[in-house]
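Here's the structure we're looking at; comments come further down.
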Amino acid sequence: MNSIQLINRVSKKQEIEKTPSKGLLSFLYKTPLGKLTLHTLFKRKIISTIGGWYMNSSLSQKKIAPFVDKYQMDMSEYIVPKGGFKTFNDFFYRKIKPAARPIQSGIVSPADGKILAFNSIEESNTFFIKGSEFSAKSFLANENIASKYEKGAMCIIRLAPLDYHRFHFPTDGNISYSKKINGYYYSVSPIAMQKNLDFFCQNIREYSELTTKKHGNILIAEVGATMVGSIVQTYTPLSDVKKGDEKGYFAFGGSTLVLFFEKGKIVFDKDLIQNTEKGFETTIKMGEQIGN
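Add 114 to the 1-based position in the sequence shown for the numbering used here, that's all there is to it.
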């Protein structure tokens, strides 16, 4: 995979994703020297800690304008503080104007990104390479909770560095505390994931359960990745939340959301399923319907 190809949901056309770190990822995951570097250094917390420190410092401010210009980002959608962003991380987890992300009916995407939708967790194993087994039990490290979802549906929403990095609730409900599982910091880019889906089960991650009236329990998991300084939860645990309310944000880096649904509690939109079956992610915006 020399480039990341996906389907634009609006135009329905195939596109090539703009990827700031494509060359580095190809080196780390596809060459012998790169793999050695990955396992001895890049997957470890120290790299993300150093990267996080830099992105939180005023030294990183100079990176913002060139980044916006290079990738032709539309900043009119975002709330820019008076005086501008002070650090790259301030820019990275910028807030969006509510009007820029209208909340649609049904279950909606909790984030901007690229989505894969599977009618069952087992189907996800056919999307990636053989020998890379994924299960709710291994991902959640909790057999009791995993048993609720092991026969259910699942979607994966990948946030690239260019995306809006705050995440929201996909429907109304009551939200639990977040449980943190320590782990590594592998990339969640398709360049990496085509080699080993099990990286999801090895990376640092957090999850919480949303109890709903119509759709049963929905498990929402945030997965850290290379250079992600932190996963920050901004919601109030054990509270009632509304669809579209903010749940939290990722600091700098690529990152992913994984949603599990109990069996029979969601029907994903056909275009998402069809694109996934063809081997493509689909572009998605926070607030867009993904199923009913």
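Beta carbons: idealized from backbone N, C-alpha and C, even for Gly.
Span separating the alpha-carbon of Asp226 from that of Gly362
Here residue 226 refers to the residue found at position 112 when the sequence shown is read from its first residue. Here residue 362 refers to the residue found at position 248 when the sequence shown is read from its first residue. Spanning the two alpha carbons is a distance of roughly 13 Å.
Can you tell me the Cα-Cα spacing of Phe394 and Gln119, whole angstroms?
For the purposes of this step, residue 394 is identified with residue 280 of the sequence shown, where counting begins at 1. For the purposes of this step, residue 119 is identified with residue 5 of the sequence shown, where counting begins at 1. About 7 Å.
Cβ shell of Gly401 (< 8 Å), same chain only, five flanking positions each side left out:
By one-based count along the sequence shown, residue 401 stands at place 287. Arg215, Pro216, Ile217, Gln218, Val222, Ser223, His282 and Gly358.
Please determine, among Lys384, Thr396 and Thr397, the residue with the shortest C-alpha to C-alpha distance to Asn233.
Here residue 233 refers to the residue found at position 119 of the sequence shown. Taking only the C-alpha atoms, the option nearest Asn233 is Lys384.
Quick check on the burial criterion: 16 or more other C-beta atoms within 10 angstroms. Buried or exposed for Val124?
For this step, residue 124 is matched to residue 10 along the sequence shown. Exposed is the call here.
Give the secondary structure of Phe314 by DSSP, where H, G and I count as helix, E and B as strand, and everything else as coil.
Working through the sequence shown from its first residue, we reach residue 314 at position 200. Looking at Phe314 - three-state DSSP - the assignment turns out to be helix.
Taking C-alpha atoms, which residue in Val182, Thr326, Gly338 and Lys328 lies nearest to Gln316?
Locating residue 316 in the sequence shown gives position 202, where the first residue counts as 1. When only C-alpha atoms are compared, the closest one is Gly338.
Between Phe202 and Ser174, is the Cβ-Cβ spacing less than 7 Å?
Locating residue 202 in the sequence shown gives position 88, counting from the first residue. Locating residue 174 in the sequence shown gives position 60, counting from the first residue. Yes; because the gap between Cβ atoms is below 7 Å, this pair is in contact.
Measure the CB-CB distance between Ile107 and Ser353 and report whether it falls below 7 Å.
Coverage of the chain is limited to positions 115 through 406, which leaves residue 107 absent and any answer about it impossible.
Given a cut-off of 7 Å on the beta-carbon distance, is the pair Ala231 and Phe366 in contact?
Along the sequence shown, one-based indexing puts residue 231 at 117. Along the sequence shown, one-based indexing puts residue 366 at 252. Result no, Cβ atoms of Ala231 and Phe366 do not sit closer than 7 Å.
Please report the residue range of the alpha helix (DSSP H) in which Ala231 lies.
For the purposes of this step, residue 231 is identified with residue 117 of the sequence shown, where counting begins at 1. No alpha helix (DSSP H) holds Ala231; the beta strand (DSSP E) holding it covers Gly227 to Phe232.
Identity of the residue in Pro351, Ile345 and Lys328 nearest Ser290 by Cα
Reading the sequence shown from its first residue, position 176 is the one you call residue 290. Here the closest residue by C-alpha is Pro351.
Classify Asn170 as buried or exposed, calling it buried when 16 or more other Cβ atoms lie within 10 Å of its own Cβ.
Indexing the sequence shown from 1 puts residue 170 at position 56. Result: buried.
Inter-residue Cα distance where the pair is Glu129 and Ile380:
Sequence index remark: in the sequence shown, residue 129 carries index 15 (1-based). Sequence index remark: in the sequence shown, residue 380 carries index 266 (1-based). In a straight line, the C-alpha of Glu129 is about 28 Å away from that of Ile380.
Let me make sure I understand the geometry here. Which of Ala274, Ile235 and Leu254 has the alpha-carbon closest to that of Met268?
Residue numbering aside, residue 268 sits at position 154 when the sequence shown is read from its first letter. The shortest C-alpha separation from Met268 is found at Ile235.
Pick helix, strand or coil for Ile118, following the three-state DSSP scheme.
Against the sequence shown, residue 118 aligns to sequence position 4. The answer is coil: DSSP assigns Ile118 none of H, G, I, E or B.
Rounded to whole angstroms, what's the CA-CA distance from Phe374 to Ile332? Just pull it up for me.
Residue 374 sits at position 260 when you count from the first residue of the sequence shown. Residue 332 sits at position 218 when you count from the first residue of the sequence shown. Rounded to whole angstroms, Phe374 to Ile332 spans 6 Å at the Cα level.
On a CA-only basis, which of Asn406, Lys176, Tyr263 and Tyr185 is nearest Asp277? Give me that one, please.
Here residue 277 refers to the residue found at position 163 when the sequence shown is read from its first residue. Checked all of Asn406, Lys176, Tyr263 and Tyr185; the closest Cα to Asp277 is Tyr185.
With 16 other Cβ atoms within 10 Å as the buried cut-off, status of Asn258:
As a working mapping, residue 258 is identified with position 144 in the sequence shown. Classification of Asn258: exposed, given that the 10 Å Cβ count is below 16.
Local Cβ density within 10 Å of Ala213, reported as buried at 16 or more and exposed below that
Residue 213 sits at position 99 when you count from the first residue of the sequence shown. Counting Cβ neighbours within 10 Å, Ala213 comes out exposed, since fewer than 16 surround it.
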